Every structure is written in structure tokens, then in C-alpha cells.
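*Asks:* The structure that follows is given in the form of C-alpha cells.
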Amino acid sequence: MNDAEIREHFERWAQPLRIVAPPPVDEIHRRARRRTTRLTIAAGSATAAALATVAVVGLVTAAPPVPILPVSGHHGAPGPTPAGSPQRAIGISALHLPRPQISQPVTGSTWGTGRYPAPPAAPFLMTLSMATQTALVVSASRGAVQATLHPRVAGDQFTWAAAAPNDQLFMLAEEHGFGVTFDQVQISPSGQVSGPHRVLPAVSLNVQIYAMAISADGARLALSVLPHSATGLDSVLVYNLRTGALTGDWSSASGSAVGLSWGTAGDLAVGWQDDTGSAPSGVRILDTGTGRGAHPQSLTADSVLVAPVRGFVSGMITTDGATVLAVSTGGSQVRLEEIAADSGRVLASVPIGTTGDQANSPDFCGLLWASKTGSRLITQCGSHQQLVVNGSPTTTRLALTIPDSVVGWANTFAW
Amino acid sequence: MARPREDFQEFYQASYGRTVAMVAAVAGSRHEAEDIAQEAYARALARWSRLRAYDLPEAWVRKVALRLAIDSGRRLRRGALASARLAARRDAPEPEPGDDLKYTALGAALLELPVRERQAVVLFYLADLPVDAIARECGLPAGTVKARLAAGRRHLEQRLSQQPEAVA
Numbered sequence: 000m001n002d003a004e005i006r007e008h009f010e011r012w013a014q015p016l017r018i019v020a021p022p023p024v025d026e027i028h029r030r031a032r033r034r035t036t037r038l039t040i041a042a043g044s045a046t047a048a049a050l051a052t053v054a055v056v057g058l059v060t061a062a063p064p065v066p067i068l069p070v071s072g073h074h075g076a077p078g079p080t081p082a083g084s085p086q087r088a089i090g091i092s093a094l095h096l097p098r099p100q101i102s103q104p105v106t107g108s109t110w111g112t113g114r115y116p117a118p119p120a121a122p123f124l125m126t127l128s129m130a131t132q133t134a135l136v137v138s139a140s141r142g143a144v145q146a147t148l149h150p151r152v153a154g155d156q157f158t159w160a161a162a163a164p165n166d167q168l169f170m171l172a173e174e175h176g177f178g179v180t181f182d183q184v185q186i187s188p189s190g191q192v193s194g195p196h197r198v199l200p201a202v203s204l205n206v207q208i209y210a211m212a213i214s215a216d217g218a219r220l221a222l223s224v225l226p227h228s229a230t231g232l233d234s235v236l237v238y239n240l241r242t243g244a245l246t247g248d249w250s251s252a253s254g255s256a257v258g259l260s261w262g263t264a265g266d267l268a269v270g271w272q273d274d275t276g277s278a279p280s281g282v283r284i285l286d287t288g289t290g291r292g293a294h295p296q297s298l299t300a301d302s303v304l305v306a307p308v309r310g311f312v313s314g315m316i317t318t319d320g321a322t323v324l325a326v327s328t329g330g331s332q333v334r335l336e337e338i339a340a341d342s343g344r345v346l347a348s349v350p351i352g353t354t355g356d357q358a359n360s361p362d363f364c365g366l367l368w369a370s371k372t373g374s375r376l377i378t379q380c381g382s383h384q385q386l387v388v389n390g391s392p393t394t395t396r397l398a399l400t401i402p403d404s405v406v407g408w409a410n411t412f413a414w
Numbered sequence: 000m001a002r003p004r005e006d007f008q009e010f011y012q013a014s015y016g017r018t019v020a021m022v023a024a025v026a027g028s029r030h031e032a033e034d035i036a037q038e039a040y041a042r043a044l045a046r047w048s049r050l051r052a053y054d055l056p057e058a059w060v061r062k063v064a065l066r067l068a069i070d071s072g073r074r075l076r077r078g079a080l081a082s083a084r085l086a087a088r089r090d091a092p093e094p095e096p097g098d099d100l101k102y103t104a105l106g107a108a109l110l111e112l113p114v115r116e117r118q119a120v121v122l123f124y125l126a127d128l129p130v131d132a133i134a135r136e137c138g139l140p141a142g143t144v145k146a147r148l149a150a151g152r153r154h155l156e157q158r159l160s161q162q163p164e165a166v167a
């Protein structure tokens, strides 16, 4: 039997399957909105029983009851506080991503004095290991794991990490069967790790987080969420971390907030993906001071598109609020555009990789870190990493190759 | 230019059957394959704004789906092997819609392969990918892929020559 004959067997075997009618695309939309949906192939009763036991790992000894964080009405009613244990099986998304590997240094650091290039003002990064369901605090310059943080409950997973611009305050979102909790982690300049400390009660799992950002002063948390209900709208929610109050809720039916970052004076940069095809995508600036608590407001009406970008993928604003950094694709190239926030003028356009680097890579493609003014940037696209200084790129190799995630855009690391 | 929601729908409808076939060949069950494929498309939808710019978004979906199938396959291996043993004692039946594909001769033979070997075989014979592309997709040296293909081909030859595939 030769290859052609074996192929013929496969063709005949696959034929009835290739003409299978797909379920309505609405079902895929619904499924995307409830990422925690069970898989029929998931573990059987033994695994379920194991997960039903609320075990405690890591830094705490008991999982406290979880109240529900205020979310405005149109996102759907909050899910019930669990009478028992988490019901969600281990997210299968977490099972196939590699553990972050520390690279071998090449020819010495091109930035700073450590083994690996790293901004001296931001010596630590946090990366989620989807393989081990942990968050690793890594010294970017030494390539050493400073601390390993575990979810509070066995079977839960960290789904997002975000860093405040001071590089000392990090936020982790931990997904449960019944909600999402937020934990704060402090890292001292010497690398002493404190936390995680719970800072907010749980959001109902009726929403799925698409982006997360913590303000420079550590006082505000912004979330981009997609409700799981079929009629819900994409929303940007802002919480006061000191009081736990929802201070603003902006929604839109015409697109999605695919990235969030804080500028100055309460300005929130929203990476905006227009879904209508009739308006540009890019970065919008939202004045979060206009928020009216849980009262829904219009995201597009209350924000200004400061940087329309063709082929927009993701975007952020620098901490000084002066420069928008946007990743875009055009042809086979992935580029990073540096755009003046006040005039919309393109200051620099830097190639950071190719769409091929994105297409089949388990590694992230986009911006990893930006200095306060954006004069120094670190990018990665697939396995290719660059240090960009004043718009001029140099190939580099960091301590880590940041993995990608099939569930989000930039949720597997914070720097 | 089509709107994102519309071109996702077009992509989904055009490629769904191929993805299901691919996953079924690895997972051994049409129902499991459909579930896994839908999960992969849901993940693709969640990042469609980026994937739609790719030359081959279907390759991304296939990769995610096969990874999911392999992960689930580890847990199901015991059950699948039992089914394969059962199938080996049967005459090859006509496959019916929804019937587990492992009851076909090719399906049973595939399920006897180690899952990583099965993945290489499926990508080669069903997805029609060359060895280099399989190596890139699986993150393996080409030599490893060739070795797995050679072993898988030997096994399939042996099993399929004993029991011709039943075709609906």
C-alpha cells in the first residue's frame, strides 16, 4: 500500500465529515461569550470530584466566601454565590500552553547591567504559566524566577495580569467557577514579593474579561468585559480599588475594547476595534472622570478617537499621555506605530515582525513594555524580540519569550 | 471590505467541516470533534480582529483544535483503546451519522497509534501538509516527524490491508 492509497482511505473516511453542516454562528458567539463552558470531553467524575474539593494551595489556607462586585444591570444578573464548590472543569485552554522558559543569554545585555536587557526602572515582570496554572514573578535582568504565585483555589486559573507603571504593583485576575477575583501583588525594588492580597470581591462570570489595566497610583482598575448574555454589550468598567465601587460603565454596540491603558489625569486609552466596518479602529481616549457609577454610558460618545489606525490590532497610551503606541498589520508586516496623542501625527513606524510570526506561533506578538514617554520600547513578535529606542529597532533577546494565549491578546504577562 | 462579523461567519462556514474531519481523525469521535472544533472557533472569534489579517486563519484554528484534541485524548486514551479493541473484533460496519468513527477500520487503526504519531499521520495524509510544515506546526525537528510518519504508515498499511475500509 502506497501513500496515494492511504490518502484515498483518508479521503473516503473524511468525506461524510467534511460536509457536516456547522451549527449557526450564533452558537459560536455564545460559546465565545462563555469561555467557561464545559467540554463534553472534559474529565469524568473523578476529576469533577477532585475539583469539587476546595483545596487551598499557595499562600492562603482557606477560600473565603466571595461576595459579588457591583456590575450594572445590563450585563445580566450576577451569578449566584456558590453554595458549594466551583463547578467549572479545569480550563482546557490552560493545558496546552508551554511553561515560560528562561532563555540562554546571547552576547550580553544591550540595556542595563544584568545578564539580559531590561529597563532598570522596571526590573520585574509577571508572566502566567498556563501549563502550571501559576503566576511567575521574573527578574527581567537576571532571568531568575523571583516568586511563584498559586491560585487560591485548586483548579482555578489566573486569567489576566496587569502592571501599574511604577513596576511595583501588579494585579492578577483569578477565574473561578462562580466569578473573578482580583489580587494585588507588591514587589519592592529589591524584589521582595508581597501578596497576593484580595482587593475586590468577585465579578459575576456573566462577563468575560478582555483587557485589564491598573492606574499609576494603584487607585483605579479598568476592565474591558464582554457579557455572556446574547444581548449584552461590550463594556469598559472602572472600579475604585480603595472602595470597591464601580465608578463608571461605558458600553457600545459597535465595537470592542481590545486593550486598556492609563494615561494622565484619569484618561483611559481604549484600544478600539470597530465591528461595523464603517468607522475606523484605533485608540480612543476616555475621560473616566465623567463616569456615573453603574449608570450605563456610551463609550463612543464619551471618548475621542485620537489615533485611527489601518489594520489595527492593539494599542495603548504612554504614561505621560503624550504618545499612542499601536500595533497594526498591513500585507505581511506587523508594525508598531508611534503617534502623537494631541495631533494624531505618526512619529515613527517600526516593523516588529511578520504576520507569519503571528499565525502559527505560540508566542506573543506586540508591545511588551514602554517607558513613560515611549522613547524606549520592547516588542516581541513570535520569537523575534526588539528593543526600540527613539523609533530605531535593535534585535535583542530577553530573559523570557512571552507565550501567547488563545483566550486573550496580552493577558499572559505584565511588565 | 467585509465586516468582521460577516467574514468570520464566511470563514467558519467554509472551513468547519474540514476542521471537524481533522479533529475527528485524532480524537476518534465525531461528537468530540465537533465540540472541540466549536471551542476552537469560539477562541478564534475572540481574537478575530487579529486572525482575519492572517493568510491562513484556518491553520490557526486547526492548530488550536488539534492541541485541544491531544490534551483531551490523553484523558480518554484508556476508553479509546477499549473501543479500538472492540472494533478489532467486529466486521467493519457502515458508518452512520453521529456514530463513533473509531468503529471504522481506519478509525480503529488510527486510535491504536500514539497520539503524537497520529497527529503527524493526520496532518500528512488528511491535511496534506508536507513534512516541513508539520514540523513547524508541531514544533518538532523534521527528522522526528519523518520517524513518526514512517511508524504510523507501517501500522496503517498493516491494518488496512487486513481489513478494507468500509465506506458509506
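Line order of the protein sequences matches chains A and B.
Residues 0 to 414 (numbering that gives the first Met the number 0) make up the first sequence, in order.
Residues 0 to 167 (numbering that gives the first Met the number 0) make up the second sequence, in order.
We put the beta carbon where it would ideally sit given N, CA and C, even for glycine.
On a predicted model such as this, the values are computed, not experimentally measured, just so you know.
(1) So, for V198 (chain A): in the same chain, excluding its five sequence neighbours on each side, which residues have a beta-carbon less than 6 Å away from its beta-carbon?
(2) Given a cut-off of 9 Å on the beta-carbon distance, is the pair G151 (chain B) and A107 (chain B) in contact?
(3) Alpha carbon to alpha carbon, how far is L148 (chain A) from R158 (chain B)?
(4) Any beta-carbon of chain A closer than 9 Å to the one on P3 (chain B)?
(5) Taking the C-alpha atoms as reference points, what is the distance between A210 (chain A) and L105 (chain B)?
(6) By alpha-carbon positions, which one of A:D286, A:P307, A:A293 ends up nearest to S300 (chain A)?
(7) Since S128 (chain A) is in the beta strand (DSSP E), which residue starts that stretch and which ends it?
(8) Which residues in chain A sit within 7 Å of L155 (chain B), going by Cβ to Cβ distance?
(9) Listing by chain order, which chain A residues have their CB less than 9 Å from the CB of T103 (chain B)?
(10) Does H294 (chain A) come out as helix, strand or coil in the three-state DSSP assignment?
(11) Quick check: the Cα distance between S214 (chain A) and D233 (chain A), rounded to an integer number of angstroms?
(12) One question on the structure: do L124 (chain A) and L367 (chain A) come within less than 9 Å of each other, judged by their Cβ atoms?
(13) What do you get for H196 (chain A), buried or exposed, if any count of 16 or more other CB atoms within 10 angstroms of its CB means buried?
(14) Kindly list, in the order they appear in chain A, the residues whose Cβ is closer than 7 Å to that of Q118 (chain B).
(15) Within 10 angstroms of its Cβ, does P56 (chain B) collect 16 or more other Cβ (buried), or is it exposed?
(16) From the DSSP output, in three-state form, read off I18 (chain A) for me.
(17) 9 Å is my cut-off, CB to CB: does L122 (chain B) come that close to chain A?
(18) Quick one, which of B:A23, B:W59, B:E9 has its alpha-carbon nearest I35 (chain B)'s?
(19) Quick one: Cα of A117 (chain A) to Cα of W110 (chain A), how far?
(20) Could you check the C-alpha separation between A244 (chain A) and P22 (chain A) for me, to the nearest Å?
(21) Which class does H196 (chain A) belong to by DSSP, given the choice of helix, strand or coil?
(22) From the DSSP output, which residues share a beta bridge with Y238 (chain A)?
(23) DSSP state of M21 (chain B), grouped into three classes?
(24) Following the continuous beta strand (DSSP E) through H383 (chain A), name the residue where it begins and the one where it ends.
(25) For S297 (chain A) versus S250 (chain A), is the C-beta distance shorter than 9 Å?
(26) Would a C-beta distance cut-off of 9 Å place E41 (chain B) and A32 (chain B) closer than the cut-off?
(27) 9 Å is my cut-off, CB to CB: does I338 (chain A) come that close to chain B?
(28) Does R17 (chain A) come within less than 9 Å of chain B when only Cβ atoms are used?
(29) Would you call the region 338–357 of chain A in contact with the region 304–317 of chain A, where contact means no fewer than 3 C-beta pairs closer than 8 Å?
(30) Against G310 (chain A), what residues of chain B qualify as contacts under a CB-to-CB distance less than 9 Å, listed in chain order?
(31) Apart from the five residues on each side of it in sequence, which residues of its chain come closer than 7 Å, Cβ to Cβ, to E471 (chain A)?
(32) If you measure between the beta carbons of V137 (chain A) and V144 (chain A), is that distance less than 9 Å?
(33) Just to check my reading of the structure: G310 (chain A) and A268 (chain A) have Cβ atoms closer than 8 Å, yes? What is that Cβ distance to the nearest angstrom?
(34) Is V25 (chain B) close to chain A? Criterion is C-beta to C-beta, closer than 9 Å.
(35) Considering only C-alpha positions, which residue in the set A:A13, A:T317, A:Q384 is nearest to L397 (chain A)?
(36) Any beta carbon of chain A sitting closer than 9 Å to that of L112 (chain B)?
*Replies:* With the structure as the only source:
(1) F181, Q183, L240
(2) no
(3) 49 Å
(4) yes
(5) 45 Å
(6) Per the sequence presented here, residue 300 (chain A) reads as Ala, with Ser not at that position. Nearest option by C-alpha distance: A:D286.
(7) 123–128
(8) I5
(9) W12
(10) coil
(11) 21 Å
(12) yes
(13) exposed
(14) By Cβ distance, chain A contributes nothing, its closest Cβ being about 12 Å from Q118 (chain B), past 7 Å.
(15) buried
(16) coil
(17) no
(18) B:A23
(19) 6 Å
(20) 40 Å
(21) strand
(22) A:L220, A:L245
(23) helix
(24) 383–388
(25) yes
(26) In the sequence as displayed, the identity of residue 41 (chain B) is Ala instead of Glu. No, the Cβ-Cβ distance between A41 (chain B) and A32 (chain B) is not below 9 Å.
(27) no
(28) yes
(29) yes
(30) A52
(31) Absent from the model: residue 471 (chain A). The displayed extent of chain A is 0 to 414, so no value can be given.
(32) yes
(33) The pair is not a contact, with the Cβ atoms about 18 Å apart (cut-off 8 Å).
(34) no
(35) A:Q384
(36) no
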